[in-house]
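Sequence lines, in order, name chains A and B.
All letters in the first sequence, in the order written, are residues 1 to 348 by my numbering.
All letters in the second sequence, in the order written, are residues 1001 to 1348 by my numbering.
2 protein chains.
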Amino acid sequence: MPVRIEDVAAHAGVSVKTVSRVLNGHPNVRANLRARIEASIRELDYVPNPSARSLAANRSYLVALMFDNPLAGSSYIMELIVGVLQACKGTPYNAVLHPFDAADDLAARIGGFVTQHRPDALVLVPPHANDAKLLQRLDELDVRYATISSKLRQSRIDIGFDERKAAAEIVDHLITLGHRCIGHVTGLKGHGARAWRRDGYRDALRRAGIDYDESLVAEGKFTFESGMAAAGALLDRRRPPTAIFAASDDMACGVIRAAHERGLVVPRDLSVCGFDDTPVARQISPGLTTVRQPCREISRLAVESVLQSIRDPGMHRRERVPYQVQIRESTAAPRKPRRPSRSASDTP
Amino acid sequence: MPVRIEDVAAHAGVSVKTVSRVLNGHPNVRANLRARIEASIRELDYVPNPSARSLAANRSYLVALMFDNPLAGSSYIMELIVGVLQACKGTPYNAVLHPFDAADDLAARIGGFVTQHRPDALVLVPPHANDAKLLQRLDELDVRYATISSKLRQSRIDIGFDERKAAAEIVDHLITLGHRCIGHVTGLKGHGARAWRRDGYRDALRRAGIDYDESLVAEGKFTFESGMAAAGALLDRRRPPTAIFAASDDMACGVIRAAHERGLVVPRDLSVCGFDDTPVARQISPGLTTVRQPCREISRLAVESVLQSIRDPGMHRRERVPYQVQIRESTAAPRKPRRPSRSASDTP
DNA sequence: TGCCCTTTTGACAGCGCTGTCGACGTCGAT
DNA sequence: ATCGACGTCGACAGCGCTGTCAAAAGGGCA
Chain A
1 MPVRIEDVAA
11 HAGVSVKTVS
21 RVLNGHPNVR
31 ANLRARIEAS
41 IRELDYVPNP
51 SARSLAANRS
61 YLVALMFDNP
71 LAGSSYIMEL
81 IVGVLQACKG
91 TPYNAVLHPF
101 DAADDLAARI
111 GGFVTQHRPD
121 ALVLVPPHAN
131 DAKLLQRLDE
141 LDVRYATISS
151 KLRQSRIDIG
161 FDERKAAAEI
171 VDHLITLGHR
181 CIGHVTGLKG
191 HGARAWRRDG
201 YRDALRRAGI
211 DYDESLVAEG
221 KFTFESGMAA
231 AGALLDRRRP
241 PTAIFAASDD
251 MACGVIRAAH
261 ERGLVVPRDL
271 SVCGFDDTPV
281 ARQISPGLTT
291 VRQPCREISR
301 LAVESVLQSI
311 RDPGMHRRER
321 VPYQVQIRES
331 TAAPRKPRRP
341 SRSASDTP
Chain B
1001 MPVRIEDVAA
1011 HAGVSVKTVS
1021 RVLNGHPNVR
1031 ANLRARIEAS
1041 IRELDYVPNP
1051 SARSLAANRS
1061 YLVALMFDNP
1071 LAGSSYIMEL
1081 IVGVLQACKG
1091 TPYNAVLHPF
1101 DAADDLAARI
1111 GGFVTQHRPD
1121 ALVLVPPHAN
1131 DAKLLQRLDE
1141 LDVRYATISS
1151 KLRQSRIDIG
1161 FDERKAAAEI
1171 VDHLITLGHR
1181 CIGHVTGLKG
1191 HGARAWRRDG
1201 YRDALRRAGI
1211 DYDESLVAEG
1221 KFTFESGMAA
1231 AGALLDRRRP
1241 PTAIFAASDD
1251 MACGVIRAAH
1261 ERGLVVPRDL
1271 SVCGFDDTPV
1281 ARQISPGLTT
1291 VRQPCREISR
1301 LAVESVLQSI
1311 RDPGMHRRER
1321 VPYQVQIRES
1331 TAAPRKPRRP
1341 SRSASDTP
């Protein structure tokens, strides 16, 4: 039923092979011939059959985005997906999604996965992107991959942004507002994001000459509940922080919940900031001050890079894309001035 | 490099064709032969090459989920995706995602899309699922599709849930709490969800003997901003409602923002409920009372059904899956009793 | 046992494209 | 003018599987 490469060849008066060359952007086709063939393609509305292409060329034209299964539903992944789709648009590549339990031994199972789906390229996000054994196995299997925000040097193609600098910048913002006692809720162990964001927090304190107080740092796991629990511990201290920097928006929401439960009003009694700029940051009241993580751009670049690396296997790329600090209403100057003596009247 | 069907045939001592029959679940293979072949498949770790299959069988083994482009990033789509992936797991089918601007004339462009990607089945969500011309064109092209929450009878396979009943139920909840003056923020015109949820709102009022007041219904578009604007209008009325039912969680968040801006505390001064149970409903403070829309199950059923319809073209299916009303902290009894005379003291 | 009909199995072609390899044309250097 | 080197193009086989169709095997009945 549909038009085949053969029809195009006949229409343009050339061999099938030459049409194929034009389709695949091969050099060594004279310009006028190329133009004639391209015209025929347009005229006949020809689109190559992906299955036939895959079979003959022994490529799947598939890019697999692998992500952690329990995280499915997070807007982070959705944003990444959008970027991946953008990158595939206009190429013969298609995106396929593969949730994988991080609990499983992925390094062991990846072989089966690859022979089954034969993706031409993989895009890995944390925690998979931080799995050294997995990356090594992929190298052995000679499968191209790009990582996103991996903490491993091992990955030849990695896209991310300077999370440490961003974290420092947002903590700077709190310091500029006048906060001196700033709590931090960390991310999940093993994630690069955890260390980078915490280090940024430290950097900002150091620059401002504020002592780093271990007891102001509470363990989180990037989730709402973990943020709530961690904030509870911080707020129940004898001398609670006037501001809390949570390493993710979800956790920041948990912090706000914990504050509300204790009768605190944000930002009057507590400034809160998050990280990621997920949709909830905009929708919560007050709007959450946070760092806009350029997910779409990151995954778009990751896909573009990894596709490029198919042609140029030796390729390396380590790109940090620009981010943006989003100041909203959840951060404000602390209520009490630093010297408690001045404000005796405001406790009723 | 990898094992081919030929290897399996040799190992089992049968012809390639018989192995193919087993792979595709054809009848007319004697049980003992089938068992032997299945054993060989397992032993050799054989997985059929999808491209070769597609080419020979003239099927793509692709299910396309088409959604509206600007909506990308919504957790609704992400949930649907998860369901689609679940349904594909264990089948030879793969899911591909296709964002499409609803603004474009999809009915005209779908032909090109289909010849390009050759999906075996489509899953359509609103607004595409409500595009009569699109569905008609798909029928002409003989492409199987399933719709999700379509308002059109035309669709032979549609999965959804009883949104009208669910809306009535959540408004019942407000009435039971004692609210009599309940506002409603509608969804976007053209969506079935808009009409169903508004009708449910009306049903509940009617059952409770409360007059339907047109001026308590404000136009929304399912987005945060539209909810905020609509709530603003309702709250600035001479006699503002004591509760607002927004037709989506995003809009409910907008309602809460509008309330905050007017110095109102939720739920003390205003009860708010939403619809969908997106992640934000859990993370916002106070937690949002809403209806849990079983997205994953819906899309999973949609895919299962549409794949089934490939074998049985005459198939019809119109399934309503169970939903759940999620009561959280954003709804409470109204502050002032209905008779204003009793409460003279509480205005300072 | 022999016949016919049904069920089970296999030989073969071909899906639509690309890789290989060889033929031909073109150009510059000798 | 001759030759080689390179650039350009086409014939052909074959990627790994399934559809078609015919052959073989089984089964019921006379």
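Beta carbons are placed, not taken as given, at the ideal position from N, Cα and C, and that holds for glycine.
Legend entry - Simplified DSSP assignment, three categories, for residue 18 (chain A): helix
Legend entry - Cβ contact (3+ pairs, closer than 8 Å) linking the stretch 1024-1041 of chain B and the stretch 1097-1110 of chain B: no
Legend entry - Residue-chain proximity (residue 160 (chain A), chain B), Cβ-Cβ < 9 Å: no
Legend entry - Under the three-state DSSP convention, the category residue 219 (chain A) falls into: coil
Inset, instruction - Just list the alpha helix (DSSP H) runs in the stretch 1273-1317 of chain B, keeping only unbroken ones of 4 residues or longer that don't cross its boundaries, in chain order. - result: Runs of alpha helix (DSSP H) with 4 or more residues, each lying fully within the stretch 1273-1317 of chain B, are found at 1279-1283 and 1295-1311, listed in chain order.
Legend entry - Beta-carbon separation (whole angstroms), residue 1122 (chain B) vs residue 1141 (chain B), contact threshold 8 Å: With a Cβ gap of about 10 Å, residue 1122 (chain B) and residue 1141 (chain B) do not count as contacting.
Inset, instruction - Given a cut-off of 9 Å, decide if residue 1109 (chain B) and residue 1060 (chain B) are closer than it, judged by their beta-carbon atoms. - result: Against a cut-off of 9 Å, the Cβ pair of residue 1109 (chain B) and residue 1060 (chain B) comes out as no contact.
Inset, instruction - List the DSSP bridge partners of residue 86 (chain A). - result: Answer by DSSP bridge pairing: none, since residue 86 (chain A) is not bridged.
Inset, instruction - Can you grab the Cα-Cα spacing for the pair residue 136 (chain A) / residue 1185 (chain B), in whole Å? - result: 54 Å
Inset, instruction - Answer yes or no: does any C-beta atom of chain A fall closer than 9 Å to that of residue 1121 (chain B)? - result: no
Inset, instruction - Could you check the C-alpha separation between residue 222 (chain A) and residue 1218 (chain B) for me, to the nearest Å? - result: 37 Å
Legend entry - DSSP-derived helix/strand/coil call for residue 184 (chain A): If DSSP states are grouped into helix, strand and coil, residue 184 (chain A) belongs with the strands.
Inset, instruction - May I ask which residues mark the beginning and end of the alpha helix (DSSP H) holding residue 1032 (chain B)? - result: 1031-1044
Legend entry - Per-residue contacts from residue 1144 (chain B) into chain A (C-beta, under 7 Å): Going along chain A, no residue has its Cβ under 7 Å from residue 1144 (chain B), so there is no contact; the nearest lies around 17 Å.
Legend entry - Closest by C-alpha distance to residue 157 (chain A), when choosing among A:183, A:129 and A:177: A:129
Legend entry - Close beta carbons around residue 333 (chain A), own chain, < 6 Å, minus the five adjacent residues each side: 177 and 178
Legend entry - Three-way DSSP call (helix, strand, coil) for residue 161 (chain A) in this model: coil
Legend entry - Beta bridge counterpart(s) of residue 1066 (chain B) as assigned by DSSP: Answer is B:1098 and B:1124.
Inset, instruction - Could you spell out where the beta strand (DSSP E) holding residue 324 (chain A) opens and where it closes? - result: 324-326
Inset, instruction - In angstroms with no decimal places, state the Cα-to-Cα distance between residue 1067 (chain B) and residue 213 (chain A). - result: 48 Å
Legend entry - residue 335 (chain A) versus A:173, A:106, A:95 and A:265, residue with shortest Cα-Cα distance: A:265
Legend entry - Identity of the residue in B:1015, B:1049 and B:1050 nearest residue 1033 (chain B) by Cα: Among B:1015, B:1049 and B:1050, the Cα nearest to that of residue 1033 (chain B) belongs to B:1015.
Inset, instruction - Check the Cβ-Cβ distances between residue 78 (chain A) and every residue of chain B, and say whether any is below 9 Å. - result: yes
Legend entry - Within 9 Å, strictly: CB atoms of residue 1063 (chain B) and residue 1088 (chain B): yes
Inset, instruction - Please work out which residues of its chain come closer than 6 Å, Cβ to Cβ, to residue 1204 (chain B), disregarding the five sequence neighbours upstream and downstream, and give them in chain order. - result: 1168, 1171 and 1172
Legend entry - Element boundaries [alpha helix (DSSP H), containing residue 201 (chain A)]: Run containing residue 201 (chain A): 192-207, per the alpha helix (DSSP H) assignment.
Legend entry - Close Cβ partners of residue 1306 (chain B) (< 8 Å) along its chain, the five nearest in sequence each way excluded: 1063, 1121, 1122, 1123, 1144, 1145, 1146 and 1157
Legend entry - Short CB-CB distance (under 9 Å) between residue 1349 (chain B) and chain A: Chain B is shown only over 1001 to 1348; residue 1349 (chain B) falls outside these bounds and no answer can be derived.
Legend entry - Chain-ordered neighbours of residue 8 (chain A) on chain B, where CB pairs are closer than 7 Å: Within 7 Å Cβ-Cβ: nothing; residue 8 (chain A) doesn't reach chain B, min ~14 Å.
Legend entry - the stretch 322-329 of chain A in contact with the stretch 287-294 of chain A per 3-pair CB rule at 8 Å: yes
Inset, instruction - Taking 8 Å as the threshold, find out whether the stretch 192-208 of chain A comes into contact with the stretch 252-264 of chain A through three or more Cβ pairs. - result: no
Legend entry - Own chain partners of residue 1339 (chain B) with C-beta closer than 6 Å, once the 5 adjacent residues on each side are dropped: The predicted model places residue 1339 (chain B) with a pLDDT of 43, which falls under 50 and marks its position as unreliable; any figure quoted below should be read in that light. The answer is none, since no qualifying residue turns up.
Legend entry - 7 Å Cβ cut-off: residues of chain A touching residue 1354 (chain B): Absent from the structure is residue 1354 (chain B), since the part of chain B shown begins at 1001 and ends at 1348.
Inset, instruction - Compare the beta carbon distance of residue 395 (chain A) and residue 9 (chain A) with 9 Å and say whether it is the shorter of the two. - result: An answer regarding residue 395 (chain A) cannot be provided, because it is not within the stretch 1 to 348 covered by chain A.
Inset, instruction - With 9 Å as the threshold, decide whether the Cβ of residue 181 (chain A) is near any Cβ in chain B. - result: no
Inset, instruction - Indicate the three-state DSSP secondary structure (helix, strand or coil) for residue 1147 (chain B) in the structure shown. - result: strand
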